[in-house]
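**Q**
There are 2 protein chains.
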Amino acid sequence: MVRGFLLDLDGTVYDAGRPIAGAPQAVERLRQAGFAIRFVTNTTSRDRAALVGKLQGMGVEAGLNDIFAPPYAAACFLREKQASALLLLTESAQREFSGVPTDVARPNYVVVGDMGEQWSFAALNAGFRALMAGAGLIALGLGRYWRTADGELSLDSGPFVAALQFASGVEPVVLGKPARPFFQMAWQDVGLEPSQLAMVGDDIDGDVGGAQRAGLRGILVRTGKFREQDMEGEVRPDMLLDSLADLPDVLKGAGSRE
Amino acid sequence: MVRGFLLDLDGTVYDAGRPIAGAPQAVERLRQAGFAIRFVTNTTSRDRAALVGKLQGMGVEAGLNDIFAPPYAAACFLREKQASALLLLTESAQREFSGVPTDVARPNYVVVGDMGEQWSFAALNAGFRALMAGAGLIALGLGRYWRTADGELSLDSGPFVAALQFASGVEPVVLGKPARPFFQMAWQDVGLEPSQLAMVGDDIDGDVGGAQRAGLRGILVRTGKFREQDMEGEVRPDMLLDSLADLPDVLKGAGSRE
Chain A
1 MVRGFLLDLD GTVYDAGRPI AGAPQAVERL RQAGFAIRFV TNTTSRDRAA
51 LVGKLQGMGV EAGLNDIFAP PYAAACFLRE KQASALLLLT ESAQREFSGV
101 PTDVARPNYV VVGDMGEQWS FAALNAGFRA LMAGAGLIAL GLGRYWRTAD
151 GELSLDSGPF VAALQFASGV EPVVLGKPAR PFFQMAWQDV GLEPSQLAMV
201 GDDIDGDVGG AQRAGLRGIL VRTGKFREQD MEGEVRPDML LDSLADLPDV
251 LKGAGSRE
Chain B
1001 MVRGFLLDLD GTVYDAGRPI AGAPQAVERL RQAGFAIRFV TNTTSRDRAA
1051 LVGKLQGMGV EAGLNDIFAP PYAAACFLRE KQASALLLLT ESAQREFSGV
1101 PTDVARPNYV VVGDMGEQWS FAALNAGFRA LMAGAGLIAL GLGRYWRTAD
1151 GELSLDSGPF VAALQFASGV EPVVLGKPAR PFFQMAWQDV GLEPSQLAMV
1201 GDDIDGDVGG AQRAGLRGIL VRTGKFREQD MEGEVRPDML LDSLADLPDV
1251 LKGAGSRE
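Residue numbers (our numbering), protein chains in the order written: chain A, 1 to 258; chain B, 1001 to 1258.
(1) Mind listing which residues of the region 98-118 of chain A have their C-beta closer than 7 Å to chain B's C-betas, in chain order?
(2) From G1059 (chain B) to A1021 (chain B), what distance separates their C-alpha atoms?
(3) Measuring alpha carbon to alpha carbon, tell me which residue in A:V52, A:F121, A:L137 and A:N65 is nearest V170 (chain A).
(4) Just verifying my parser: in three-state terms, what is the DSSP assignment at L1164 (chain B)?
(5) I want to see whether chain A comes within less than 9 Å of G1158 (chain B), judged by CB atoms only; does it?
(6) Using Cβ-Cβ distances below 7 Å, what residues of the region 1058-1073 of chain B are close to chain A?
(7) Any beta carbon of chain A sitting closer than 9 Å to that of N1125 (chain B)?
(8) At the level of alpha carbons, what is the spacing between L241 (chain A) and V1110 (chain B)?
(9) Return yes when the Cβ of F39 (chain A) is within less than 9 Å of the Cβ of F77 (chain A), no when it is not.
(10) Among A:S168, A:R147 and A:M199, which residue has its Cα nearest to the Cα of D15 (chain A)?
(11) So which of B:I1204, B:A1093 and B:A1105 has the shortest CA-CA distance to I1219 (chain B)?
(12) Cα separation between E258 (chain A) and A33 (chain A)?
(13) Suppose you measure from the CA of F160 (chain A) to the CA of L1164 (chain B); what does that come to, to the nearest Å?
(14) So S1157 (chain B) and T1012 (chain B) are supposed to be a Cβ contact under 8 Å. How far apart are they, rounded?
(15) Compute the distance between the beta-carbons of L1244 (chain B) and L1051 (chain B), then report whether it is under 9 Å.
(16) For a quick check, are the C-beta atoms of A133 (chain A) and R106 (chain A) less than 9 Å apart?
(17) Starting from S154 (chain A), find everything on chain C with Cβ-Cβ shorter than 7 Å and list it in chain order.
(18) Taking CB distances under 9 Å as the criterion, tell me whether S120 (chain A) reaches chain B.
(19) Quick one: is L48 (chain A) buried, meaning 16 or more other Cβ sit within 10 Å of its Cβ, or exposed?
(20) Note down, one range per segment and in chain order, each alpha helix (DSSP H) of at least 4 residues found wholly within the region 1042-1082 of chain B.
(21) Report the rounded CA-to-CA distance for E80 (chain A) versus K1054 (chain B), giving the unit in angstroms.
(22) For chain A, find out if any of its Cβ atoms is closer than 9 Å to the Cβ of A1167 (chain B); answer yes or no.
(23) May I ask you to report which of helix, strand or coil DSSP gives F1035 (chain B)?
(24) Name the DSSP bridge partner or partners of V1250 (chain B)?
(25) Mind pulling the chain B residues with CB within less than 8 Å of L164 (chain A)?
(26) May I ask you to report which of helix, strand or coil DSSP gives M1 (chain A)?
(27) Is it right to say G1017 (chain B) is buried, meaning 16 or more other beta carbons lie within 10 angstroms of its own, or is it exposed?
(28) Select from the region 1170-1203 of chain B all residues with a C-beta closer than 7 Å to any C-beta belonging to chain A, and list them in chain order.
(29) Using CA atoms only, rank isn't needed, just tell me which of B:G1176, B:M1001 and B:G1099 is closest to L1142 (chain B).
(30) Select from B:A1254, B:S1168 and B:G1127 the residue whose C-alpha is nearest the C-alpha of V1104 (chain B).
(31) Give the interface partners of M1132 (chain B) over in chain A, defined as CB-CB distance under 7 Å, in chain order.
(32) Is any beta-carbon of chain B found at less than 9 Å from that of E258 (chain A)?
(33) In whole angstroms, what is the alpha-carbon distance linking G1209 (chain B) and Y145 (chain A)?
(34) Using the Cα positions of P101 (chain A) and N108 (chain A), report the straight-line distance between them to the nearest angstrom.
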């Protein structure tokens, strides 16, 4: 019995800066029906407060605790280990790391996210030197690239993780979808068992495959980056919907709790 | 019968900006004995003219044609194919590419060398976009890092090649030691058969292993980065010398041409 949903953001709740039609209302109906909701995104360039602002601007009710994202996951991981870190992140994402010592000569970890235009040789080299001095490597995702608003491709954080791994020989711990440790932290954050949760997203592997491998159900939506070929691969979603907007009615039809 | 020598530079002819004791004299004696000499280096941040200046400043006679290095090799490769290129290289290294169109919207190749502090997100992203638009990838070496004069480690070009390969999925052609195509271009440049040439260097794999796999002999010197453990690996040098300075006497003792 599913008691909660992990909802992807980009391509599932919103797309190109606008809400998917009917998605804000669907989130509200799911909540009213008693389902636990967590927005689980791979965004590594913003902190949760920035995502809350974005969601509220689109008419989606959200607080800090409704969002589970790689920078927050990494900060929890580090705080639990009482570990220090060198943060290769945007200023916004760095705000998640209060309580984590980040200004030390020999950090325990190097944390890598999307820095876009802020990447520099000095930043990457500092990360490399820390790894050679014994630090661990935390990757907030292994995305290869993304498409900017003007339609151009832009390097994501994955290539920079690959550069650091090639140079240092250190294997990264990945705290982002579709990595299992990230989904595990997500369901622990919700406080439900994986079998009680379903992930809803537009990425057949990142959302659906990753969730299924971690013991959750995976629901694919035909919005965002979805393409019909996604249904021809090895990953089989537990459910295929035209949009997140359809989820409440489908659950109602299935005699669920609503 | 060996009729020519390919001599590595850094760690073999000079080290930390100074000539290895006796090396300049050894080069001269080899030349006087009738051996063909080529300085074969993996340096990707300087053009041949800069290397000539450095060698002459140390008392080693050298002209442009005595040097074989990755930027020059890549320029020859591109000119033969009449191909255009985006050059991710220092200004000095870019000077090798006269005659190669480098200011085109859709370059045929992306050429990657060591740019050090000059690396930027914009440069790497431009290379990535060219690769996604169909360009080939030429790596002027896959070095992981090097040790600067102040003893600190610094990222070499390999990690940036790894980043571009991870992002684009394009496999690089490597034009630097120990890659076979580079050694092949080197012996063709000398105008001798591989069996008539020996590579002399301090890198057990980059110099000795690479040369041997390309059909040349490989001579290891106990200078530069040499460590005794190098003799315990799979690569077995054809000869081990304390220094390049010893080569002329060894050849004389062996009843060679001198």
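C-beta atoms are modelled at their ideal positions from N, C-alpha and C, and glycine is treated no differently.
**A** Considering the structure as presented:
(1) Answer in chain order: G116 and E117.
(2) On the second sequence, residue 1059 (chain B) is found 59 positions in, with the first residue counted as 1. On the second sequence, residue 1021 (chain B) is found 21 positions in, with the first residue counted as 1. Approximately 11 Å between the Cα atoms of the pair.
(3) By 1-based counting over the first sequence, the position of residue 170 (chain A) is 170. Considering only A:V52, A:F121, A:L137 and A:N65, the residue with the shortest C-alpha distance to V170 (chain A) is A:L137.
(4) Your numbering for residue 1164 (chain B) matches position 164 in the second sequence. L1164 (chain B): helix per DSSP, three-state reduction.
(5) As a working mapping, residue 1158 (chain B) is identified with position 158 in the second sequence. With 9 Å as the cut-off, G1158 (chain B) counts as an interface residue toward chain A.
(6) So nothing in the stretch comes that close.
(7) Taking the first residue of the second sequence as position 1, residue 1125 (chain B) is located at position 125. In terms of beta-carbon proximity, N1125 (chain B) lines the interface with chain A, with at least one pair separated by less than 9 Å.
(8) Start at 1 with the first residue of the first sequence, and residue 241 (chain A) comes out as number 241. Start at 1 with the first residue of the second sequence, and residue 1110 (chain B) comes out as number 110. Between L241 (chain A) and V1110 (chain B), the C-alpha separation is close to 42 Å.
(9) Position 77 of the first sequence, counted from the first residue, corresponds to residue 77 (chain A). Position 39 of the first sequence, counted from the first residue, corresponds to residue 39 (chain A). In this structure, F77 (chain A) lies away from F39 (chain A), with their beta-carbon atoms at least 9 Å apart.
(10) Locating residue 15 (chain A) in the first sequence gives position 15, where the first residue counts as 1. Cα-wise, what sits closest to D15 (chain A) is A:R147.
(11) Reading the second sequence from its first residue, position 219 is the one you call residue 1219 (chain B). Of B:I1204, B:A1093 and B:A1105, the residue nearest in Cα terms is B:I1204.
(12) As a position in the first sequence, residue 258 (chain A) is number 258, starting the count at 1. As a position in the first sequence, residue 33 (chain A) is number 33, starting the count at 1. Legend: pLDDT at E258 (chain A) = 42, less than 50; position of this residue unreliable, value from coordinates given subsequently. Roughly 5 Å between the two C-alpha positions.
(13) Residue mapping note: residue 160 (chain A) aligns to position 160 of the first sequence, counting from 1. Residue mapping note: residue 1164 (chain B) aligns to position 164 of the second sequence, counting from 1. The alpha-carbon atoms of F160 (chain A) and L1164 (chain B) are separated by roughly 9 Å.
(14) Counted from its first residue, the second sequence places residue 1157 (chain B) at position 157. Counted from its first residue, the second sequence places residue 1012 (chain B) at position 12. Between S1157 (chain B) and T1012 (chain B) a beta carbon distance of about 20 Å is seen, past the 8 Å cut, so the two are scored as non-contacting.
(15) For the purposes of this step, residue 1244 (chain B) is taken as the residue at position 244 of the second sequence. For the purposes of this step, residue 1051 (chain B) is taken as the residue at position 51 of the second sequence. Between L1244 (chain B) and L1051 (chain B), the gap from beta carbon to beta carbon reaches 9 Å or more.
(16) Mapped onto the first sequence, residue 133 (chain A) falls at position 133. Mapped onto the first sequence, residue 106 (chain A) falls at position 106. Yes.
(17) The structure shown contains no chain C; its protein chains are A and B.
(18) Position 120 of the first sequence, counting from 1, holds the residue named residue 120 (chain A). Yes, S120 (chain A) counts as interfacial toward chain B.
(19) Reading the first sequence from its first residue, position 48 is the one you call residue 48 (chain A). It should be pointed out that residue 48 (chain A) corresponds to Arg in this sequence rather than to Leu. With 16 or more Cβ atoms within 10 Å of its Cβ, R48 (chain A) is classed as buried.
(20) Here the runs fully enclosed are 1048-1057 and 1070-1081.
(21) Start at 1 with the first residue of the first sequence, and residue 80 (chain A) comes out as number 80. Start at 1 with the first residue of the second sequence, and residue 1054 (chain B) comes out as number 54. Going from the Cα of E80 (chain A) to the Cα of K1054 (chain B) covers about 53 Å.
(22) Residue mapping note: residue 1167 (chain B) aligns to position 167 of the second sequence, counting from 1. Yes, contact with chain A.
(23) Locating residue 1035 (chain B) in the second sequence gives position 35, where the first residue counts as 1. F1035 (chain B) falls in the coil class under three-state DSSP.
(24) For the purposes of this step, residue 1250 (chain B) is identified with residue 250 of the second sequence, where counting begins at 1. Answer is none; V1250 (chain B) lacks a bridge partner.
(25) To locate residue 164 (chain A), count along the first sequence from 1; it is residue 164. Here the neighbours are P1159.
(26) Here residue 1 (chain A) corresponds to residue number 1 of the first sequence, with the count starting at 1. M1 (chain A) carries a coil assignment under DSSP once its states are collapsed to helix, strand and coil.
(27) Residue numbering aside, residue 1017 (chain B) sits at position 17 when the second sequence is read from its first letter. That one is exposed.
(28) Under the 7 Å Cβ criterion, the region 1170-1203 of chain B contributes no residue.
(29) Here residue 1142 (chain B) refers to the residue found at position 142 of the second sequence. For L1142 (chain B), the closest C-alpha among the options B:G1176, B:M1001 and B:G1099 is that of B:G1176.
(30) Numbered from its first residue, the second sequence carries residue 1104 (chain B) at position 104. V1104 (chain B) has its Cα closest to that of B:G1127, out of B:A1254, B:S1168 and B:G1127.
(31) Within the second sequence, the letter at position 132 stands for residue 1132 (chain B). Within chain A, the residues near M1132 (chain B) are L153.
(32) Residue 258 (chain A) sits at position 258 when you count from the first residue of the first sequence. Confidence is the limiting factor: at E258 (chain A) the pLDDT is only 42, short of 50, which leaves the residue's position unreliable, though a coordinate-based value still follows. No, E258 (chain A) does not count as interfacial toward chain B.
(33) For this step, residue 1209 (chain B) is matched to residue 209 along the second sequence. For this step, residue 145 (chain A) is matched to residue 145 along the first sequence. In a straight line, the C-alpha of G1209 (chain B) is about 36 Å away from that of Y145 (chain A).
(34) As a working mapping, residue 101 (chain A) is identified with position 101 in the first sequence. As a working mapping, residue 108 (chain A) is identified with position 108 in the first sequence. Rounded to whole angstroms, P101 (chain A) to N108 (chain A) spans 10 Å at the Cα level.
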